[in-house]
Structures are given as C-alpha cells and as structure tokens.
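Count along the sequence shown from 1, add 28, and you get the number used in my numbering.
Accompanying notes for the structure given below.
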Amino acid sequence: MSLAVPDFPLSFDNRSILMVIPEWIAYNAPDGLWLYSFLMWLILIWQGQRSLEAYLWFLAIILLAIGSEILQKFSRIAGTFDGYDLLAYCSAVILCTFQYYQLNTIPQ
29 MSLAVPDFPL SFDNRSILMV IPEWIAYNAP DGLWLYSFLM WLILIWQGQR SLEAYLWFLA
89 IILLAIGSEI LQKFSRIAGT FDGYDLLAYC SAVILCTFQY YQLNTIPQ
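Right under this line is the structure:
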C-alpha cells in the first residue's frame, strides 16, 4: 500500500483550489528560521553565559549566514544573491539578540 500525494491544484466540487504560498514564505523564511533556530540553540547550550567563546560562536554563525549572501552578490561563491534572504538573516539576528537580553534580565 502506498500513500499518494495529490497533485496541485486540488479539486473540490469541480472547482480548483489553488494552493498559493507567498514567495517569501517558501524561499526566504526558511533561511531566517534556520539562523534563528541555530542561534537560539546556542543560547540554550551556553545557558546565557557571557563568555568570549560564546560570543565567537555567535559571531561565526552570523558571519557565515550573512557573509555567504554577500559573497554571492559579488560572485565569490556559487549561488544567487537575494536581498530578502539578507533581510531574513538580519531579522533573525535582531530577534534572537532581543530575546537573549530579555531572557537574561528576568529576575530569578
């Protein structure tokens, strides 16, 4: 027995329902989400410690993400530059930084 995935568009009562996903959700949101999740994972691993080693890990991951997009812009590495990917990366860094400081200022 095999499970079949329906072809798009789906049919419902002889009317087609087009499954439309905005492009930024399909292409740019995953980039921002992987960076956000990786940075939050680092926060959990380091348990909010403020050490040079923790900051270097954060900086390395951020530079890898943003740097790869910038290098694509100047054709230094393979890939297609997308400004919205860069925006997603910057948004992830800002959100993660905000949450990091918010978590560290909660009285215990």
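Beta carbons: idealized from backbone N, C-alpha and C, even for Gly.
Limits of the alpha helix (DSSP H) - the one that residue i falls within
| i | result |
| --- | --- |
| D113 | G111 to N132 |
| Y55 | Looking at the DSSP string, Y55 is not in any alpha helix (DSSP H), and its letter there is neither H nor E. |
| A82 | L80 to K101 |
Beta-carbon contacts of residue i that lie in its chain and below 6 angstroms, excluding the five residues immediately before and after
| i | result |
| --- | --- |
| L67 | C124 |
| S119 | G60 |
| Y128 | I71 |
| V137 | It is not possible to answer for residue 137, since the shown part of the chain is limited to 29 through 136. |
| S79 | none |
Chain-order list of residues whose beta-carbon lies under 7 angstroms from that of residue i (same chain, five-residue window excluded)
| i | result |
| --- | --- |
| A93 | L63 and Y117 |
| N132 | G76 |
Option nearest residue i by Cα separation, candidates the options
| i | options | result |
| --- | --- | --- |
| A57 | A82, W74, L70 and G111 | G111 |
| Y55 | V121, L80, F126 and F109 | F109 |
| W145 | Q130, N132, D113 and R104 | A query on residue 145 cannot be resolved here, the shown segment of the chain reaching from 29 to 136 and no further. |
| L115 | W85, I73 and G95 | G95 |
Residues near residue i in its chain [Cβ-Cβ closer than 8 angstroms; skip 5 each side]
| i | result |
| --- | --- |
| L87 | none |
| I89 | L63, F66, L67 and L70 |
Contact with chain D by residue i, beta-carbon distance below 8 angstroms
| i | result |
| --- | --- |
| A116 | Among the chains in the structure shown there is no chain D, since it carries only a single protein chain. |
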